[in-house]
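**Q** For the protein sequence lines, the chains are A and Y, in the order given. For the first sequence, position 7 matches number 7 in the working numbering, and the numbering has no gaps at all. For the second sequence, position 5 matches number 203 in the working numbering, and the numbering has no gaps at all.
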Amino acid sequence: MDIPYTVKNRPDTGLYNGKLGVWLFLASEVMLFGGLFSAYIFLRTGVDDWPTGTEYLDVPLATLNTLFLISSSVTMVMSWASLKLNDFKKYKLYTLITLLFAFGFLVIKYFEYSAKFAHNPPYLPSTNNFLGIYFTMTGLHVLHIIGGILVIGYFYGPGSKMWNSDPERFTNRIEIVGLYWHFVDLVWIFLFPVLYLL
Amino acid sequence: MSELTPEEVKHHIKTYVLVFIALAFLTIVTVGISYLDLGHVGGIILALIVASIKGTLVACYFMHLLDEKVTIYWTLIATVVAFLILIFVPLSAMLDHARI
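1. So, for I97/A: in the same chain, excluding its five sequence neighbours on each side, which residues have a beta-carbon less than 6 Å away from its beta-carbon?
2. Taking a cut of 8 Å between CB atoms, which residues from the stretch 58-89 of chain A lie near chain Y?
3. Beta-carbon of P121/A versus every beta-carbon of chain Y: anything under 8 Å?
4. Would you say M31/A faces chain Y, with C-beta separation under 8 Å as the test?
5. Can you list, in chain order, the residues of its chain with a C-beta nearer than 7 Å to that of G148/A? Leave out the 5 residues immediately preceding and following it.
6. Using beta-carbon positions only, say whether Y94/A and S73/A come within less than 8 Å of one another.
7. Is the Cβ-Cβ distance between V207/Y and K84/A less than 8 Å?
8. Look at the Cβ atom of W188/A, then the Cβ atom of L69/A, and state whether they are nearer than 8 Å.
9. Does the stretch 275-294 of chain Y come into contact with the stretch 36-43 of chain A, if we say contact requires no fewer than three beta-carbon pairs (one atom in each stretch) closer than 8 Å?
10. For a contact defined as C-beta to C-beta under 9 Å, what are the partners of T138/A on chain Y?
11. Output yes or no for whether 8 Å exceeds the beta carbon distance between F190/A and I174/A.
12. Would a C-beta distance cut-off of 8 Å place T203/Y and T66/A closer than the cut-off?
13. Measuring CB atoms only, is the stretch 120-133 of chain A touching the stretch 247-257 of chain Y, in the sense that at least three cross pairs come out at less than 8 Å?
14. Among M261/Y, G237/Y and G230/Y, which one has its Cα closest to the Cα of A81/A?
15. Who are the Cβ neighbours of L36/A in its own chain at under 8 Å, not counting the five residues just before and after it?
In structure tokens:
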């Protein structure tokens, strides 16, 4: 039995099912990260003295990571546009670049976390509330990056076979993977100034 | 997103490049603002305004929100309302604290 509305839009929603499903998932993600932003405001406004990010964090590395993520976002949307233009080779190229930027983000994050743990005394989530919320929010974000890499990696590798059998459905899949990836970028756009710069 | 002709897709690609340049520029602006002496509240407000502009660019162009269906808009309106309640809960606690 075929799954309905994977390519054609449903008459009632005007969307194919996968797209509405991902938007609803992203709505729940807004609430997940929203809860943590709310906790951050609660912790920060509850004390007279709150450290600036520069006291503990590496702003140049985080700036580089921001550039990596926005670059990966543009290559992600370019990979979808390539499929719309029936250019599968370019799709593969842009997807590969997206994955490289995503891995680059993780490598930089690894160096950032390592520097915190290697500090004497170590900077741990238990050290103070600032580091507690920093590790919680960036850790959750890193998990989202890893999830994105797994899904994008699948559609770069074995999942890309669908292009030969059902190109429209495959293009839609890349569009909704892109929605998730741009959301992960969007969360970082707010995490970066809130944690590192303010 | 509705069906696009190859010409429309090519036009979109040009927009994506422009949005990318704007995002990179605004990232540098965000870092620059943190070095300015704007006062505590001024710095926070300006940094969040720049972050909101960047977020809007990503949502409108990369996530194609400008061309989306009404169903998505209603979903997002409900999300934004719930998100604002979540954000204002700690602020209301802060106001209570100030009253005491």
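Ideal Cβ positions, reconstructed from N, Cα and C, are used throughout, including at glycine.
**A** In short:
1. T75
2. V59, T63, T66, L67, I70, S71, S73, V74, M76, V77, M78, A81, K84 and L85
3. no
4. yes
5. A102, Y180, W181 and V184
6. no
7. Going by C-beta atoms, V207/Y is nearer than 8 Å to K84/A.
8. yes
9. yes
10. Within chain Y, no residue comes near T138/A; the closest Cβ sits about 16 Å away, beyond 9 Å.
11. no
12. no
13. no
14. Distances from the CA of A81/A to each of M261/Y, G237/Y and G230/Y were compared; the closest alpha carbon is that of M261/Y.
15. I133, T136, M137 and L140
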